[in-house]
Amino acid sequence: SRTLGWDQYPHGRWGDSRNPSYGALTDYQFTRPRGRGKKLQEEWAVPVKSVEDINERFMNFCQGKLTSSPWSELDGLQPETKIIDDQLVKINQKGFLTINSQPAVNGERSDSTSVGWGGPGGYVYQKAYLEFFCSKEKLDQLIEKSKAFPSLTYIAVNKDGESFSNIPTNAVNAVTWGVFPGKEIVQPTVVDSASFMVWKDEAFEIWSKGWACLFPEGDSSREILDKVQKSYFLVSLVDNDYINGDLFAAFKEI
Numbered sequence: 001s002r003t004l005g006w007d008q009y010p011h012g013r014w015g016d017s018r019n020p021s022y023g024a025l026t027d028y029q030f031t032r033p034r035g036r037g038k039k040l041q042e043e044w045a046v047p048v049k050s051v052e053d054i055n056e057r058f059m060n061f062c063q064g065k066l067t068s069s070p071w072s073e074l075d076g077l078q079p080e081t082k083i084i085d086d087q088l089v090k091i092n093q094k095g096f097l098t099i100n101s102q103p104a105v106n107g108e109r110s111d112s113t114s115v116g117w118g119g120p121g122g123y124v125y126q127k128a129y130l131e132f133f134c135s136k137e138k139l140d141q142l143i144e145k146s147k148a149f150p151s152l153t154y155i156a157v158n159k160d161g162e163s164f165s166n167i168p169t170n171a172v173n174a175v176t177w178g179v180f181p182g183k184e185i186v187q188p189t190v191v192d193s194a195s196f197m198v199w200k201d202e203a204f205e206i207w208s209k210g211w212a213c214l215f216p217e218g219d220s221s222r223e224i225l226d227k228v229q230k231s232y233f234l235v236s237l238v239d240n241d242y243i244n245g246d247l248f249a250a251f252k253e254i
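Numbering (UniProt numbering), first residue to last: 1 to 254.
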């Protein structure tokens, strides 16, 4: 999430996984303002008859045809996402269902309207990053393709906790940082396995408590969403080359 009014730095979901606030999920976390709940009902309670219908929902969100998502508290895409929305549409069409993303940024001014944060006078940097759901088949293809791109690192986990990764378990990867006058380097957003494993519980829960719940009990749409929830993997993919990298290259022949 990105806000031009950030006075300090962005607060993503990635923090210290040892913090006491990491705990069990509650139903309170799935309650929504009435207006947002109505928008989700209008845009996402559309009959789901196949996996292709699911892909289409995610594609429509990336194209700006939908303004809500069960996985986002925000209205529509953020300005920085529009830099890569064409690529996002293509990979969602292939079944890589994105719920979070950011483009690479190399020394943009901190007051940039699309990628800026932290107040004036600084410069911001970020690694291209994707977070998405996909089938085991798609994951296997992506892992194989990523071997040709040594700057790519990934963490993948399913609902039951089966996981795959090409980084050490205790590795912490800064994906956003900023340089401001008279300050140490600000490093607000990191990706690490421990935090990701905590977040995955909520991310998978949203399939049922955020989307399937919009349909009546016994509806066939619920069955399809349930199958996806139980079989798909949640994947974090980072391109550590924020100058010359191409995060989307690994998807081109899948």
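C-beta atoms are modelled at their ideal positions from N, C-alpha and C, and glycine is treated no differently.
Own chain residues within Cβ distance below 8 angstroms of residue i, not counting five before or after
i           : result
Pro79       : Arg2, Thr113, Ser114 and Val115
Ala24       : Bear in mind that the predicted position of Ala24 carries a pLDDT of just 37, short of 50, making it unreliable; the figure below should be weighed with that in mind. Excluding positions up to five away in sequence, the list is empty.
Ser221      : Pro47, Val48, Lys49, Ala212 and Phe215
residue 255 : Because the chain spans 1 through 254 in this model, residue 255 falls outside it and cannot be assessed.
Ile99       : Ser69, Trp71, Ser72, Glu131, Phe132, Phe133 and Ala203
Asp226      : Trp207, Ser208 and Ala212
Unbroken alpha helix (DSSP H) run spanning residue i, endpoints
i      : result
Val46  : Here Val46 belongs to no alpha helix (DSSP H), and DSSP marks it neither H nor E.
Ser114 : Here Ser114 belongs to no alpha helix (DSSP H), and DSSP marks it neither H nor E.
Asp160 : Counting along the chain, Asp160 falls outside any alpha helix (DSSP H), and DSSP gives it neither H nor E.
Nonlocal neighbours in the same chain, by C-beta distance under 6 angstroms from residue i, ignoring five residues either side
i      : result
Leu247 : Ala128 and Asp239
Ile243 : Asn106
Phe30  : Because the pLDDT at Phe30 is just 38, under 50, the model does not fix this residue reliably, and the value given afterwards should be weighed accordingly. Result list for Phe30: Lys209, in chain order.
Asp192 : Val172
Asn60  : Leu66
Gly121 : Pro181
Glu52  : none
Residue i Cβ short of 7 angstroms to the ligand ZN heavy atom set
i     : result
Asp53 : Ligands in the displayed structure: none, and consequently the ligand ZN is not present.
CB of residue i within 8 angstroms of CB of residue j, strictly
i           : j      : result
Lys138      : Phe96  : yes
Ser236      : Glu144 : no
Gly178      : Gly118 : yes
Thr153      : Asn166 : yes
Ile254      : Leu74  : no
residue 261 : Ser110 : Residue 261 lies beyond the residue range present for the chain, which begins at 1 and ends at 254; the question has no answer from this structure.
Supposed contact pair residue j and residue i - C-beta distance, whole angstroms, cut 8 angstroms
i      : j      : result
Phe204 : Ala156 : With 8 angstroms as the limit, Phe204 and Ala156 do not qualify as a contact, their Cβ atoms being about 13 angstroms apart.
Ser68  : Arg36  : 7 angstroms
Gly245 : Ser135 : At roughly 25 angstroms, the Cβ-Cβ gap does not stay under 8 angstroms, so Gly245 and Ser135 are not in contact.
Asn55  : Gln93  : 6 angstroms
Cut-off 7 angstroms between Cβ atoms - residues of its own chain near residue i, not counting five sequence neighbours on either side
i      : result
Gln229 : Lys159, Phe204, Trp207 and Ser208
Gln41  : Leu214
Ser21  : For Ser21, the pLDDT reaches just 34, beneath the cut-off of 50, and the residue's location in the model is therefore unreliable, although a value from the coordinates is still provided. Counting only Cβ-Cβ distances below 7 angstroms, and skipping sequence neighbours, we find nothing.
Val190 : Trp14, Val172, Asn173, Ala174 and Val175
Pro33  : Low confidence applies here, because Pro33 scores a pLDDT of 47, under 50, leaving its location unreliable; read the following figure in that light. Excluding positions up to five away in sequence, the list is empty.
Asp241 : Ser151
First through last residue of the beta strand (DSSP E) which encompasses residue i
i      : result
Phe133 : Ala128 to Cys134
Ala249 : Neither: Ala249 is in no beta strand (DSSP E) and is coded neither H nor E.
Pro168 : Neither: Pro168 is in no beta strand (DSSP E) and is coded neither H nor E.
Pro150 : Note, Pro150: premise wrong, no beta strand (DSSP E); not H, not E.
Glu108 : Val105 to Arg109
Pro188 : Val186 to Asp192
Which ranges does the alpha helix (DSSP H) cover as unbroken runs of at least 4 residues, wholly within the stretch 201-244, from first to last along the chain?
-> With a minimum length of 4 residues, the continuous alpha helix (DSSP H) runs that stay inside the stretch 201-244 are 220-231.
Of all the alpha helix (DSSP H) runs that stay within the bounds of the stretch 52-97, which reach a length of 4 or more residues?
-> Taken in chain order, the unbroken stretches of alpha helix (DSSP H) that lie wholly in the stretch 52-97 and span 4 residues or more are 85-93.
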